[in-house]
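These notes concern the structure reproduced below.
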Amino acid sequence: MANAWKIARKSNAQLPLVIVIALAIVLVLLGKAQSGMFDQARAWVTDWIAPGLEKVRAPVQDFGRFVGSITEVFSVYEQNLKLKEENARLRQWRNVATVLQGRVTRYQILLHAVPDPKLNAVLARVIGRVSRPFLQTMVLNAGKQDGAMPGQAVVDARGMIGRIYLTGQRTSWVILLTDLNSRIPVTISSAVGSSGNVQAMMTGDNTTMPVLDIVSRQATLHAGDQVVSSGDGGLLPAGLPIGTVVDDGSGGWRVALLADASSSQDVEILNFSQPPEALPPTVQLPAEAAGLKPQPPPPVAATPALVLAAPKPVVVARPMATNASPSPEAAESEDQ
Amino acid sequence: MAALERPGSTTTQRLLGVLLPLLCGLLGVFIANIPISLLGGAVPPPLLGLLPIYFWCLVRPDLMTPAAALTIGIAEDILSGGPPGVWSLAFVLTYAVVARQRDSFAGLSGLVAVVGFGAAASVACASAYFTIAALYGHFQPLAPILSELAMTVLFYVPTVYVFGIIHHRLVGASRSDF
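Protein chains in written order, with the working numbering: chain F, 119 to 454; chain B, 9 to 186.
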């Protein structure tokens, strides 16, 4: 091969190599300071190729399914048995969930609880996936013109997949929960006993199961504990199902995600915007808390007479009649 | 001497011959970063932008300048979506290593040439890996970057074959006049 290549002896590079290396280092440092430096260009390119991606999506999906089926055809029988068993278990859980849902609804009615606000959602289709060594993301066919905004959560039927970090006019890039840059505040509900909830930070490290960084060192986790979004910070809604806790074998904890980002096709972008908590008007605050000088008490008005409300008659509760129709004895006494 | 004559005679053809290595690099970056995976994301895409840098750095370094390598690296950074500057630095450092050892790399043939390219690609992947480690403060799993290195080396032979055809028919072996 070397003989075929006619090697030029000396390069007449326009820029010395040292300067170019220095420029590259400056680029790294600049990118660290302003990470969104290339984002607009990337969004523009993605918008540009989005029609092509949507066209090739179906054949690529079919090919991927075919390649995947080659390995799975040897384990169809075992998978069928496993799915039947899982299906039976999930039916039991569905019954439990239905009962619990009814109970929660009754409690909410009794307590006059304010229901959670319904989330507006944009349905989007996955038109591309990127799995690079330092980036795991997917591309959706919904962008700014559809109401998608950076920070919004992306979920499929099973659970949370990630959140949007870049939007073009017609496309959005989703940073997956497994990505290196993903950090989500989560709540871990104990599956054993009633030891309460544990707050933690779930961090992606480009493996299939993100790491749990527990905020409290005294908290105890168990394999199988449920992980949901905590809603801390107000960026994500609370209670989005994420996964279950698993032991990583080295004393740490990871999360087995419910959603499978590699197979999701249709996802929802949740439009969650929690309004900032409004301060009460200063007149309702104590003077010191409102930062005001204590005001002198208002002068007592002389003309209006003090009107006392008449005491209400005391009502004694009577035991309710168990039978709606009056008893014959009661009817007789009324007659007398 | 006939082999050293320029294939194109018109100015447009000569300009195209000069720009072709850079365009091949940008095209490779674009193809590698199309967000479609035929294998369901099981393996990362190869670094197709690195292949023209290596090839023309050996055969025509006057056409594949450090600035061209930096441009291809910036394109890789933009389209790949990673932290800015990581692949720019990796490609430029690889260019520096290959340019410094050009005679050694160009003297390889057959399977050893593939190993030589593997060494050059290792420089790119290692510099990207350590840059990411420096940016994030901890080392990342090695498996993804090793997969990308393996995929890049796997694509070396067919891609270099195509580049050889392009080089002999459109670029030419002699030094550019531009």
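Cβ coordinates follow ideal geometry from the N, Cα and C atoms, glycine included.
Could you pull the start and end residues of the beta strand (DSSP E) that glycine 361 of chain F belongs to?
359-365 is the span of the beta strand (DSSP E), which, as asked, contains glycine 361 of chain F.
Throw me the rounded Cβ distance for the proline 268 of chain F and isoleucine 282 of chain F pair, which I believe falls under 8 Å.
Yes, proline 268 of chain F and isoleucine 282 of chain F are in contact; Cβ-Cβ is about 5 Å, under 8 Å.
In the DSSP assignment, the alpha helix (DSSP H) including methionine 159 of chain B goes from what residue to what residue?
Segment 150-162, the alpha helix (DSSP H) holding methionine 159 of chain B.
Any residues in the region 299-324 of chain F with a beta carbon nearer than 8 Å to a beta carbon of chain B? Which ones, in chain order?
The region 299-324 of chain F vs chain B, Cβ under 8 Å: Asp323 and Asn324.
Give me the Cβ distance between valine 240 of chain F and threonine 164 of chain F, rounded to the nearest whole Å; I'm assuming they're in contact under 8 Å.
The Cβ separation is near 17 Å, so there is no contact.
Using a C-beta to C-beta distance shorter than 8 Å, which residues of chain F count as neighbours of alanine 55 of chain B?
Correcting the residue identity first, residue 55 of chain B is leucine in this sequence and not alanine. Correct list: empty, because the minimum Cβ distance to chain F is about 10 Å.
Taking the CB atoms as reference points, tell me whether valine 37 of chain B and glutamate 84 of chain B lie closer together than 8 Å.
In contact: valine 37 of chain B and glutamate 84 of chain B (Cβ atoms closer than 8 Å).
Along the region 358-385 of chain F, where does the CB come closer than 9 Å to a CB of chain B? Name the residues.
Flagged, chain order: Ala379, Ser380 and Ser381.
In the DSSP assignment, find the unbroken beta strand (DSSP E) run with asparagine 389 of chain F in it and report its ends.
Per DSSP, asparagine 389 of chain F belongs to the beta strand (DSSP E) from 384-389.
Run through DSSP, which three-state label would leucine 147 of chain F get?
Three-state result, leucine 147 of chain F: helix.
Do you know how far the Cα of asparagine 205 of chain F is from the Cα of alanine 98 of chain B?
Between alanine 98 of chain B and asparagine 205 of chain F, the C-alpha separation is close to 49 Å.
Could you round the C-beta distance between alanine 128 of chain B and phenylalanine 113 of chain B to whole angstroms and report it? I think they count as a contact, below 8 Å.
About 7 Å separates the two Cβ atoms, so the contact holds.
Reducing DSSP to helix, strand and coil, say where arginine 372 of chain F ends up.
It is a strand residue.
For the region 371-385 of chain F against the region 224-233 of chain F, do three or more pairs of beta-carbon atoms, one drawn from each stretch, fall closer than 8 Å, so that the two count as touching?
Contact fails: fewer than three Cβ-Cβ distances are below 8 Å.
Does the pairing of the region 18-34 of chain B with the region 53-66 of chain B give three or more beta-carbon distances under 8 Å?
The region 18-34 of chain B, when compared against the region 53-66 of chain B, does touch it at the 8 Å Cβ threshold.
So what does DSSP say about proline 431 of chain F, is it helix, strand or coil?
Since pLDDT at proline 431 of chain F reaches only 42, below the 50 mark, its modelled position is unreliable, and no value is offered.
Look at the alpha carbon of valine 425 of chain F and the alpha carbon of arginine 224 of chain F, and state the distance between them as a whole number of angstroms.
Confidence in valine 425 of chain F is poor, its pLDDT being 40 and thus under 50, which makes the residue's placement unreliable; the coordinate value appears in the next sentence. So the two alpha carbons sit approximately 42 Å from each other.
I need the DSSP call for leucine 424 of chain F, collapsed to helix, strand or coil.
Because the pLDDT of leucine 424 of chain F is 42, which lies under 50, any placement of that residue in the model is unreliable, and the number read from its coordinates should be weighed accordingly. Reduced to three states, the DSSP call for leucine 424 of chain F is coil.
On the three-state DSSP scale, how would you describe proline 169 of chain F?
Three-state DSSP puts proline 169 of chain F in a helix.
Whole angstroms are fine: how far does the CA of leucine 23 of chain B sit from the CA of serine 187 of chain F?
Going from the Cα of serine 187 of chain F to the Cα of leucine 23 of chain B covers about 49 Å.
Can you list, in chain order, the residues of its chain with a C-beta nearer than 6 Å to that of phenylalanine 171 of chain B? Leave out the 5 residues immediately preceding and following it.
Excluding sequence neighbours, phenylalanine 171 of chain B sits near Phe63.
What residues from chain B crowd round proline 251 of chain F, counting only those whose CB sits closer than 7 Å?
Near proline 251 of chain F (Cβ distances below 7 Å), the residues of chain B are Pro52, Pro152, Ile153 and Glu156.
Tell me whether the region 313-322 of chain F and the region 141-151 of chain B touch, counting them as touching only if at least three CB pairs, one residue from each stretch, are closer than 8 Å.
Taking 8 Å as the limit for Cβ pairs, the verdict is that the region 141-151 of chain B does not touch the region 313-322 of chain F.
Helix, strand or coil for proline 303 of chain F, going by three-state DSSP, please let me know.
In this structure, proline 303 of chain F counts as strand in the three-state DSSP scheme.
Within 8 Å (strictly less), CB to CB, does threonine 139 of chain B reach chain F?
Cβ-Cβ to chain F under 8 Å: yes for threonine 139 of chain B.
By how many angstroms is the C-alpha of leucine 330 of chain F removed from the C-alpha of aspartate 343 of chain F?
About 12 Å.
Just verifying my parser: in three-state terms, what is the DSSP assignment at aspartate 85 of chain B?
Helix, per DSSP.
How would you label alanine 176 of chain F, buried or exposed, when you count the other beta carbons within 10 angstroms and need 16 or more for buried?
With fewer than 16 other Cβ atoms within 10 Å, it is exposed.
As a quick exercise: from B:Cys133, B:Tyr169, B:Trp95 and B:Tyr103, pick the residue whose alpha carbon is nearest that of glycine 149 of chain F.
Answer by Cα proximity: B:Trp95.
Since serine 368 of chain F contacts glycine 357 of chain F with CB under 8 Å, what's their CB separation in whole angstroms?
Their Cβ separation, rounded to whole angstroms, is 30 Å, which puts serine 368 of chain F and glycine 357 of chain F out of contact at 8 Å.
By alpha-carbon positions, which one of F:Phe181, F:Asn389, F:Thr325 and F:Pro169 ends up nearest to aspartate 264 of chain F?
Checking every option, the nearest Cα to that of aspartate 264 of chain F belongs to F:Asn389.
For a contact defined as C-beta to C-beta under 8 Å, what are the partners of leucine 27 of chain B on chain F?
Per Cβ cutoff of 8 Å: no residues; leucine 27 of chain B is ~14 Å from chain F at best.
What residues in the region 81-97 of chain B have a beta carbon less than 8 Å from any beta carbon of chain F?
Flagged, chain order: Gly81, Ile82, Asp85, Ile86, Leu87, Ser88, Gly89, Gly90, Pro91, Pro92, Gly93, Val94, Ser96 and Leu97.
Please confirm whether valine 131 of chain B and valine 138 of chain F have their CB atoms less than 8 Å apart.
Cβ atoms of valine 131 of chain B and valine 138 of chain F: not closer than 8 Å.
Any Cβ of chain F within less than 8 Å of the Cβ of arginine 22 of chain B?
It does not: the Cβ of arginine 22 of chain B has no partner Cβ on chain F nearer than 8 Å.
What is the rounded straight-line gap between the Cα of glutamine 270 of chain F and the Cα of valine 385 of chain F?
Answer to the nearest angstrom: the Cα atoms are 12 Å apart.
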